[in-house]
Structure formats: structure tokens, C-alpha cells
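Residue numbers (our numbering): 10 to 175. Right, one structure below, let's go through it.
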Amino acid sequence: MGAHIGPPTAHTTGRRQSLSFRGATAMFGHMGVEWNLLTLRDDQQDQLRHIIGLYKQHRELLHGGDFVRYDVTSDNSAVAHGVISTDKRKGFLCYAQLFTSQGLVPPLWKIHGLLSDVEYTVTYVPLGDSKEHTSFTMTGAQLKRIGIQPPMLSPESAVLIYLKSQ
10 MGAHIGPPTA
20 HTTGRRQSLS
30 FRGATAMFGH
40 MGVEWNLLTL
50 RDDQQDQLRH
60 IIGLYKQHRE
70 LLHGGDFVRY
80 DVTSDNSAVA
90 HGVISTDKRK
100 GFLCYAQLFT
110 SQGLVPPLWK
120 IHGLLSDVEY
130 TVTYVPLGDS
140 KEHTSFTMTG
150 AQLKRIGIQP
160 PMLSPESAVL
170 IYLKSQ
């Protein structure tokens, strides 16, 4: 499926979304760019370069793994999906806040599809201005049974998470 990063304002709908949100969305398709690159500011060029680099880094997993979806909120204010490698040792996931939730804190995100007895390093992968990678370790069983706390996000924003077995 084609998924492209367009300009900040969509020419067909007039909607405006951040580059990080557009990048997170395009990450899970055959990423492309439909944006006049001559119009990008320096910071947009840097961020787009970073997003494309992430895609290239994880392309084999994104196109060769098993697609997964997660039910994360009862009001459908957020969606979560991603790809788990066929050997279940790696994953690349997206949690996207679509609109303001009824609850103050998002419910725990229970991540299935991994090996129960294996420890995974869970890393939040920055797409925006932040270059900080926050990581922690949990077993596949803990990720499935307990889950992780998604960050509180503004509407139309997303985070990416990389999982790797130890």
C-alpha cells in the first residue's frame, strides 16, 4: 500500500497535520514523498531526512513481518498497530492519538504477538524535535498481560516504539 508524506496542508482536504504525524502514518506503507522539496525549511528537511532514515533502517521488518492491530481505547480516540517479525524477536509499532479522549490518562497498551519468556528492550523512537530515545525492558508476557503506559498525546500525534529481544 502506498503511503506518502505530503505538504503540511493536504491539497485535497485542507487538513493540516504535523510532519511527525504524517511520517508515522507513512511509515507502515510503501513510504513516499508527495511534497515539493524545494519549499521545505531547513528544520523540515532535517526532520524528513530523519523519518526517511528510520524507514530505511526498519524497512525489512516493516515489509517482512506480520501486521498487528491493538484495541487501545474504548472510545476509539487512539489507534495502535505495527509489525512483528516472523520470528517474534522484533517489532515496530505506532500509537496514534486521533482525537481527545474521554479519559485523562490513556489506558495501558497491552502488546500481544511476542514470545512470552523473552525479554524485550522497548524503545520510544522520536520523530519530532526530540532526539531522546527512552528505553526499558519487559518480557513478552509482561507486555501482553500488563502492557505499557502510552504517553498523553495531543490529537493527531503519534509515537513509534521499537521492540527488540535481548
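Beta carbons: idealized from backbone N, C-alpha and C, even for Gly.
Backbone secondary structure at residue i - three-state DSSP
i, result
"residue 174", "strand"
"residue 169", "strand"
"residue 25", "strand"
"residue 19", "coil"
Beta-carbon spacing of residue i, residue j below 8 Å
i, j, result
"residue 76", "residue 88", "no"
"residue 147", "residue 114", "no"
"residue 172", "residue 29", "no"
"residue 134", "residue 169", "yes"
"residue 152", "residue 107", "no"
"residue 19", "residue 103", "no"
"residue 67", "residue 37", "no"
"residue 78", "residue 90", "yes"
C-alpha distance - residue i paired with residue j, whole-angstrom precision
i, j, result
"residue 70", "residue 10", "15 Å"
"residue 43", "residue 53", "14 Å"
Contact test: residue i Cβ vs the ligand PLP heavy atom, cutoff 7 Å
i, result
"residue 128", "You won't find the ligand PLP in this model; it holds no ligand whatsoever."
Item to check | Completely contained beta strand (DSSP E) runs for the region 79–161, where each covers 3 or more residues | outcome: Whole beta strand (DSSP E) segments, 3+ residues: 87–93, 99–106, 128–134 and 143–148.
Checklist entry - Are there three or more Cβ pairs, one per stretch, closer than 8 Å when the region 11–19 is compared with the region 106–125? => result They do not touch, by the three-pair rule.
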